[in-house]
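What follows is one structure encoded as structure tokens, with my remarks underneath.
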Amino acid sequence: MSSFLDALAQRVLIYDGAMGTNIQRYQLTAEDYGGQATEGCNEYLVITKPSVIEEIQRGFLEVGCDVLESDSFTGSRLKLDEYGLGERTHEINFAAAQLARRLADEYSTPEHPRFVAGSIGPTGMLPSSDDPLLSNITYQQLADIFHEQAAALLEGGVDVLLIETSQDILEVRATITGIRRAMKQVGRTVPIQAQVSLDTSGRMLLGTDIAAVMATLTALRVDIIGLNCSTGPDYMREPVRYLSENCPLPISTIPNAGIPLNVNGQAVYPTTPEQMAEALRDFITEFGVNIVGGCCGNSHEHMRAIVNACRNAPRRPRPIADNNITANKDWATITPSLVSSGIRATTMTQDPPPLLVGERVNAQGSRKAKQALLNDDYDTLLGIAREQVEGGAHVLDVQVALTERTDEPQQMAKTVKKLSMGIEAPLVFDSTEPNVLEAGLETYPGRAIVNSINMETGREKIERVLPFVLEHGAAVVALTIDEIGMGKTTERKVAIAHAIYDICVSEYGLAPNALIFDPLTFPITTGQEELFTAGIETLDALTQIKTELPGVLTILGVSNISFGLKPHARAVLNSVFLYHAVKAGLDMAIVNPTHIKPYAEIDAEQRQLADDLIFNRPDALAHYIAYFEEHGPQKSDENEKADPTEGMEPEEALHFHILR
Numbered sequence: 123m124s125s126f127l128d129a130l131a132q133r134v135l136i137y138d139g140a141m142g143t144n145i146q147r148y149q150l151t152a153e154d155y156g157g158q159a160t161e162g163c164n165e166y167l168v169i170t171k172p173s174v175i176e177e178i179q180r181g182f183l184e185v186g187c188d189v190l191e192s193d194s195f196t197g198s199r200l201k202l203d204e205y206g207l208g209e210r211t212h213e214i215n216f217a218a219a220q221l222a223r224r225l226a227d228e229y230s231t232p233e234h235p236r237f238v239a240g241s242i243g244p245t246g247m248l249p250s251s252d253d254p255l256l257s258n259i260t261y262q263q264l265a266d267i268f269h270e271q272a273a274a275l276l277e278g279g280v281d282v283l284l285i286e287t288s289q290d291i292l293e294v295r296a297t298i299t300g301i302r303r304a305m306k307q308v309g310r311t312v313p314i315q316a317q318v319s320l321d322t323s324g325r326m327l328l329g330t331d332i333a334a335v336m337a338t339l340t341a342l343r344v345d346i347i348g349l350n351c352s353t354g355p356d357y358m359r360e361p362v363r364y365l366s367e368n369c370p371l372p373i374s375t376i377p378n379a380g381i382p383l384n385v386n387g388q389a390v391y392p393t394t395p396e397q398m399a400e401a402l403r404d405f406i407t408e409f410g411v412n413i414v415g416g417c418c419g420n421s422h423e424h425m426r427a428i429v430n431a432c433r434n435a436p437r438r439p440r441p442i443a444d445n446n447i448t449a450n451k452d453w454a455t456i457t458p459s460l461v462s463s464g465i466r467a468t469t470m471t472q473d474p475p476p477l478l479v480g481e482r483v484n485a486q487g488s489r490k491a492k493q494a495l496l497n498d499d500y501d502t503l504l505g506i507a508r509e510q511v512e513g514g515a516h517v518l519d520v521q522v523a524l525t526e527r528t529d530e531p532q533q534m535a536k537t538v539k540k541l542s543m544g545i546e547a548p549l550v551f552d553s554t555e556p557n558v559l560e561a562g563l564e565t566y567p568g569r570a571i572v573n574s575i576n577m578e579t580g581r582e583k584i585e586r587v588l589p590f591v592l593e594h595g596a597a598v599v600a601l602t603i604d605e606i607g608m609g610k611t612t613e614r615k616v617a618i619a620h621a622i623y624d625i626c627v628s629e630y631g632l633a634p635n636a637l638i639f640d641p642l643t644f645p646i647t648t649g650q651e652e653l654f655t656a657g658i659e660t661l662d663a664l665t666q667i668k669t670e671l672p673g674v675l676t677i678l679g680v681s682n683i684s685f686g687l688k689p690h691a692r693a694v695l696n697s698v699f700l701y702h703a704v705k706a707g708l709d710m711a712i713v714n715p716t717h718i719k720p721y722a723e724i725d726a727e728q729r730q731l732a733d734d735l736i737f738n739r740p741d742a743l744a745h746y747i748a749y750f751e752e753h754g755p756q757k758s759d760e761n762e763k764a765d766p767t768e769g770m771e772p773e774e775a776l777h778f779h780i781l782r
């Protein structure tokens, strides 16, 4: 239960105005800040000059604000260390929360309760950038920093934890990890409100757009998503419109009083109280915003005007979100089926399907990629990735395992960093080792897919991987493998899928659309009679899995169906099998997109031969091989393999396609 969310479900909540701007008006001295060494540390004023903070916050309550933000915006140990105050992190944040709590309680009535938001701002680091100084911090270090701050705010009595003015979505993810650890430590769970700052182009500092923000944060199961700072309300309109139409959670908008002007060396915010009030009222009536307030430049007069304009403004209903203003959300049904990079979001349910997963950034599937990894040549890997995206891949599978090296986690992190800064496509982290998957997730500024889990050793692999999949909001591929082995019949594939679903969704609470089943396919081209029906078994399994496990997604390494054929023959069979797989319910295909031909462009005779082979018609394999022996490759095929496993030994190919 959360009284804060209960109130939010009933009405628009109005947050307070600027803390820093209002402190400046007091023209405080070094002595007020506790001495020259700590001059300028606004958070320390809750210890050295609490009367100033109280007067500012009391003023916001007097004009009718519903929520006070604690004076803790730059209260993390990393920021307080700049003033030599790191060892007092808990004391300062606890005092900030308690001061706001006391005032909120003083002004609360049964008809008008007041609340406290524990303010958590950025550290100033940019972990997902390639700046050698600003990125020189790990995910776990950031999580520890925010864990400490959040714990003190929770102990001080805040009603909601507010992540605000965020510049790097990877730092936001680490903040959420730290907050959840703090809640567990303190024994208090409160809503999480995550706000980012967008520039005038509608992107975060490192390029993340609002769709990628929403995809990442909804998967992390925050309670409120919003925007604050950076610009005035005018530049927020289109991002807010996007959230209004697509976000399944309540929305907050807390803009600056315009973009500041430099007047005689002072930052002057040009938007008047009346202009701010009108803009925020429009956000409520047009876009169904749930929370408004004022960031930099918003005085008590600004907030008085905002309260008067917004208190009874008729809020536009948002059916996609209005039933989700509760502590007990049905994440299984409201989580969008999106993945994201540090730049943009991509739906996993393409229209028309499938989502194409490029497979060439792979040490086992590309000799060029393998050599680049051996040489620590990440520019070449980036080039391979760009070729895949330009060829039509929606997301990229990244696999860096090398028998010649023992630093797979480090190589995964370096590869992810390079690709995140150089391409817009989301990534799939492909490894048999949980620590490698975790290294990728901790480096990635978005929502990724983890490849993969299975039941080869019973529940063990799932129970090792799924906790950090959930922590990072990732989706996960599940292979239909159990202790007996790889499921080869439809019945076995579907039974294994049910067992995995029961663990992941029913026990762990993973959203069904974050569970992606790979029912595996085997070569129908080797002459092994027991595999002649492998294509049929896989197609039927796709249909049954989608029917019996509503909401889950499916994926296939399509080209394994054609192992052993010549490249031009493989290309046709792969393309025709992909066509049938999509009709059967396939959502994603792991392919080299440049080697897939549209079904309608394949010669009718070749299509028929491929159909005969897939559906195990008499003498189909012999006819198929004979045809392509007689009809050699087109010139466009001669310089390209139809599949990255071409030239591998069968054992290598199986490892590449199945035991990834």
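End of the sequence shown = 782 in my numbering, gap-free, step of one.
All C-beta atoms in this analysis are idealised placements derived from N, C-alpha and C, irrespective of residue type, glycine included.
Quick caveat, the model's predicted, so the values are computed rather than measured.
### Message
As an exercise, report each continuous beta strand (DSSP E) stretch of at least 3 residues that is fully enclosed by the stretch 555-616, in chain order.
### Response
Secondary structure within the stretch 555-616: the beta strand (DSSP E) runs of 3 or more consecutive residues, fully enclosed, are 571-575 and 597-601 (chain order).
#### Entry: Which of helix, strand or coil DSSP assigns to Asp325
Along the sequence shown, read from residue 1 onward, the residue named residue 325 stands at position 203. Checking the displayed sequence, the identity of residue 325 turns out to be Arg instead of Asp. Three-state DSSP puts Arg325 in a strand.
### Task
Look at the alpha carbon of His424 and the alpha carbon of Lys201, and state the distance between them as a whole number of angstroms.
To locate residue 424, count along the sequence shown from 1; it is residue 302. To locate residue 201, count along the sequence shown from 1; it is residue 79. If I take the Cα positions, the gap works out to 29 Å.
### Task
Any chance you could list the alpha helix (DSSP H) runs of at least 4 consecutive residues sitting entirely within the stretch 467-527, in chain order?
Complete alpha helix (DSSP H) runs here, min 4: 489-496 and 500-512.
#### Entry: Exposure label - Gln315; buried when at least 16 CB within 10 Å
The residue given as residue 315 occupies position 193 in the sequence shown. Gln315 is buried by the Cβ-count criterion.
### Test item: CB-CB of Pro395 and Arg426 under 9 Å
What you label residue 395 is simply residue 273 of the sequence shown in a count that begins at 1. What you label residue 426 is simply residue 304 of the sequence shown in a count that begins at 1. Result yes, Cβ atoms of Pro395 and Arg426 sit closer than 9 Å.
### Query
Counting along the chain, where does the alpha helix (DSSP H) carrying Met710 start and finish?
Within the sequence shown, the letter at position 588 stands for residue 710. Annotation: Met710 is outside any alpha helix (DSSP H); the continuous beta strand (DSSP E) that includes it extends over Met710 to Val713.
### Task
With a threshold of 16 other CB atoms inside 10 Å of the CB of Ser173, please say whether the residue is buried or exposed.
Your numbering for residue 173 matches position 51 in the sequence shown. So Ser173 counts as exposed.
### Task
Ignore the nearest five residues each way along the sequence and tell me which others in Val429's own chain have a CB closer than 7 Å to its CB.
Within the sequence shown, numbered from 1, the residue matching residue 429 stands at position 307. Closer than 7 Å at Cβ, skipping near neighbours: Ile136, Val185, Gly186 and Cys187.
### Query
What first and last residue would you give for the alpha helix (DSSP H) that runs through Ile298?
In the sequence shown, counting from the first residue as 1, residue 298 sits at position 176. From DSSP, the alpha helix (DSSP H) with Ile298 extends over Ile291 to Val308.
### Query
For the alpha helix (DSSP H) that contains Gln650, what are its first and last residues?
Along the sequence shown, read from residue 1 onward, the residue named residue 650 stands at position 528. Per DSSP, Gln650 lies in no alpha helix (DSSP H) and is assigned neither H nor E.
### Message
To the nearest angstrom, how far is the alpha carbon of Arg147 from that of Thr565?
### Response
Position 25 of the sequence shown, counting from 1, holds the residue named residue 147. Position 443 of the sequence shown, counting from 1, holds the residue named residue 565. Here the alpha carbons of Thr565 and Arg147 stand approximately 41 Å from one another.
### Message
Tell me the DSSP secondary structure of Ile683 in three-state form.
### Response
In the sequence shown, counting from the first residue as 1, residue 683 sits at position 561. DSSP places Ile683 in helix when its eight states are reduced to three.
### Segments assigned beta strand (DSSP E), at least 3 residues, entirely inside the stretch 129-164
Listed in chain order, there is nothing to give.
### Query
Quick one: any contact between the stretch 714-725 and the stretch 521-537, if contact means 3 or more CB pairs under 8 Å?
In the pairwise beta carbon analysis, the stretch 714-725 is classified as not touching the stretch 521-537: fewer than three pairs are separated by under 8 Å.
### Status (buried if at least 16 other CB within 10 Å, exposed otherwise) for Leu781
Counted from its first residue, the sequence shown places residue 781 at position 659. Bear in mind that the predicted position of Leu781 carries a pLDDT of just 36, short of 50, making it unreliable; the figure below should be weighed with that in mind. Exposed, because fewer than 16 other Cβ atoms sit within 10 Å of the Cβ of Leu781.
### Query
In whole angstroms, what separates the C-alpha of Met141 from that of Met398?
Within the sequence shown, residue 141 is the residue found at index 19, counting from 1. Within the sequence shown, residue 398 is the residue found at index 276, counting from 1. In a straight line, the C-alpha of Met141 is about 17 Å away from that of Met398.
### Residue nearest to Pro235 in terms of C-alpha spacing, selected from Asp281, Ile175, Glu286 and Glu629
Residue numbering aside, residue 235 sits at position 113 when the sequence shown is read from its first letter. Of the candidates Asp281, Ile175, Glu286 and Glu629, the one whose C-alpha sits nearest the C-alpha of Pro235 is Asp281.
### Task
Evaluate His620 with the Cβ neighbour count: other Cβ atoms within 10 Å of its Cβ, from every protein chain shown; 16 or more gives buried, anything less gives exposed.
Numbered from 1 along the sequence shown, position 498 holds the residue referred to as residue 620. His620 is exposed by the Cβ-count criterion.
### Message
Mapping the DSSP letters down to three states, classify Thr407 as helix, strand or coil.
### Response
Sequence index remark: in the sequence shown, residue 407 carries index 285 (1-based). Correct three-state label for Thr407: helix.
### Residue range of the unbroken alpha helix (DSSP H) whose run includes Ile747
Along the sequence shown, read from residue 1 onward, the residue named residue 747 stands at position 625. Boundaries of the alpha helix (DSSP H) around Ile747: Ala742 to Glu752.
### Query
Around the C-beta of Arg482, are 16 or more other C-beta atoms found within 10 angstroms, so that it is buried, or is it exposed?
On the sequence shown, residue 482 is found 360 positions in, with the first residue counted as 1. Buried, because 16 or more other Cβ atoms sit within 10 Å of the Cβ of Arg482.
### Message
Between which residues of its own chain and Met770 is the CB-CB distance below 6 Å, once the five residues before and five after are set aside?
### Response
Indexing the sequence shown from 1 puts residue 770 at position 648. A caution first: Met770 carries a pLDDT of 49, below 50, which makes its placement in the model unreliable, though a value can still be read off. Hits under 6 Å: none found.
### Query
Excluding five sequence neighbours on each side, which residues of the same chain lie with their C-beta closer than 8 Å to the C-beta of Tyr155?
Walking along the sequence shown from the start, residue 155 turns up at place 33. Close CB contacts of Tyr155 within its chain, under the 8 Å cut and outside five residues either way in sequence, are with Glu161, Gly162, Cys163, Tyr166, Leu167, Thr170 and Lys171 (chain order).
### Paired residues, beta bridge with Glu191 - DSSP
As a working mapping, residue 191 is identified with position 69 in the sequence shown. Under DSSP, Glu191 shares a beta bridge with Ala239.
### Message
Buried or exposed, going by whether 16 or more other CB atoms sit within 10 Å of the CB of His753?
### Response
Walking along the sequence shown from the start, residue 753 turns up at place 631. Classification for His753: exposed.
### Query
Apart from the five residues on each side of it in sequence, which residues of its chain come closer than 6 Å, Cβ to Cβ, to Arg739?
Counting from one through the sequence shown, the residue named residue 739 turns up at place 617. Within the same chain, no residue comes within 6 Å of Arg739 by CB-CB distance, once the 5 residues on both sides are set aside.
### Query
How should Gln388 be labelled, buried or exposed, when 16 other C-beta atoms within 10 angstroms of its C-beta is the threshold for buried?
Taking the first residue of the sequence shown as 1, we reach residue 388 at position 266. Here Gln388 is exposed: its Cβ has fewer than 16 other Cβ atoms, across all protein chains shown, within 10 Å.
### Query
When you compare only the Cα positions, how much space is there between Tyr261 and Pro249?
Walking along the sequence shown from the start, residue 261 turns up at place 139. Walking along the sequence shown from the start, residue 249 turns up at place 127. Between the C-alpha atoms of Tyr261 and Pro249 there is a straight-line separation of about 8 Å.
### Query
Which of helix, strand or coil does DSSP assign to Val362?
Stepping through the sequence shown from its first residue, residue 362 is reached at position 240. Correct three-state label for Val362: helix.
### Reduced DSSP secondary structure (H/G/I, E/B, other) of Val185
Locating residue 185 in the sequence shown gives position 63, where the first residue counts as 1. In the structure shown, Val185 adopts coil according to DSSP, grouped into three states.
### Glu530 versus Leu549, Lys492 and Gly505, residue with shortest Cα-Cα distance
As a first step, residue 530 must be located in the sequence shown, where it is residue number 408. Considering only alpha carbons, the answer is Lys492.
### Message
Can you check which of these residues, Ala334, Gly686, Ile638 and Ser681, is closest to Pro672 by C-alpha distance?
### Response
Taking the sequence shown and counting its residues from 1, one reaches residue 672 at position 550. When each option's Cα is compared against that of Pro672, the closest is Ile638.
### Query
So, using beta-carbon positions, are Ile175 and Leu221 closer together than 9 Å?
On the sequence shown, position 53 is the one that residue 175 refers to. On the sequence shown, position 99 is the one that residue 221 refers to. Going by C-beta atoms, Ile175 is nearer than 9 Å to Leu221.
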